[in-house]
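Numbering (the working numbering), first residue to last: 2 to 191.
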């Protein structure tokens, strides 16, 4: 197989883990998120009724172990850990090096505890990214039309993912006239 020249890292809030001289190891990057449970138990009836008719999914947690091991002394370790903690807080876009075309909308809620390397100014800590259930395309499937007139226009916007999804349509009026009649019709695949 191919040998990786550098360890896999991640980008969060437009900064890469290598910018912080940090090593990264995946702990849990779940392949499929958990389906929402909406079973209802009805007294006097065997089993349960599954009310999740839309097959919706719960957010997923992605866990990584990070390390700050290239510190000159204990003071530099604490300084660097505080910088990492500031970066690894709040919410942002998360992209892993081994899936550069996919992104997750991620938030970090949990505390991060430093496990210090004994007798050495370095340490590791676990980070849990609380993400929306599905990865999204980094390069969104966009269609740009320079000019729309009052004629009917059809656009095909294929979903190249593995999950049914909705879309966002943005219309910007660059002209000097008001838009009077605009009708959008979404059609499923025939």
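Glycine included, every Cβ here is placed at the ideal spot set by N, Cα and C.
If you compare alpha carbons, which of 88, 114, 174 is closest to residue 18?
-> In the chain shown, counting from the first residue as 1, residue 18 sits at position 17. With distances taken between Cα atoms, residue 18 lies closest to 88.
Through-space distance from residue 155 to residue 191, alpha-carbon basis | Reading the chain shown from its first residue, position 190 is the one you call residue 191. Reading the chain shown from its first residue, position 154 is the one you call residue 155. At residue 191 the pLDDT is 46, less than 50, meaning the model places this residue with poor confidence; the figure from the coordinates comes in the next sentence. Approximately 14 angstroms between the Cα atoms of the pair.
The beta strand (DSSP E) with residue 61 in it runs from where to where?
-> Here residue 61 corresponds to residue number 60 of the chain shown, with the count starting at 1. Note, residue 61: beta strand (DSSP E), 61 to 69.
DSSP state of residue 196 mapped onto helix, strand, coil | For residue 196 there is no data in the structure shown, the boundaries of the chain being 2 and 191.
Is residue 84 near residue 115, with beta carbons less than 7 angstroms apart?
-> Translated into positions along the chain shown, residue 84 becomes position 83. Translated into positions along the chain shown, residue 115 becomes position 114. At least 7 angstroms separates the beta-carbon of residue 84 from that of residue 115.
Excluding the 5 residues preceding and the 5 following residue 21 in the sequence, name in chain order all residues of the same chain whose CB lies nearer than 8 angstroms to its CB.
-> Indexing the chain shown from 1 puts residue 21 at position 20. Only 69, 81, 84, 85, 88 meet the Cβ criterion.
Inter-residue CB distance, residue 129 and residue 64 (contact presumed, cutoff 8 angstroms) = On the chain shown, position 128 is the one that residue 129 refers to. On the chain shown, position 63 is the one that residue 64 refers to. About 5 angstroms; that satisfies the 8 angstroms criterion.
Report the residue ranges of all beta strand (DSSP E) runs contained in full by the region 81 to 152; include only those spanning at least 3 residues, in chain order.
-> Taking only runs of at least 3 residues, the beta strand (DSSP E) segments lying wholly in the region 81 to 152 are 91 to 97, 103 to 109, 124 to 132.
Please work out which residues of its chain come closer than 6 angstroms, Cβ to Cβ, to residue 107, disregarding the five sequence neighbours upstream and downstream, and give them in chain order.
-> The sequence position of residue 107 within the chain shown is 106, counting from 1. Closer than 6 angstroms at Cβ, skipping near neighbours: 95, 130, 132.
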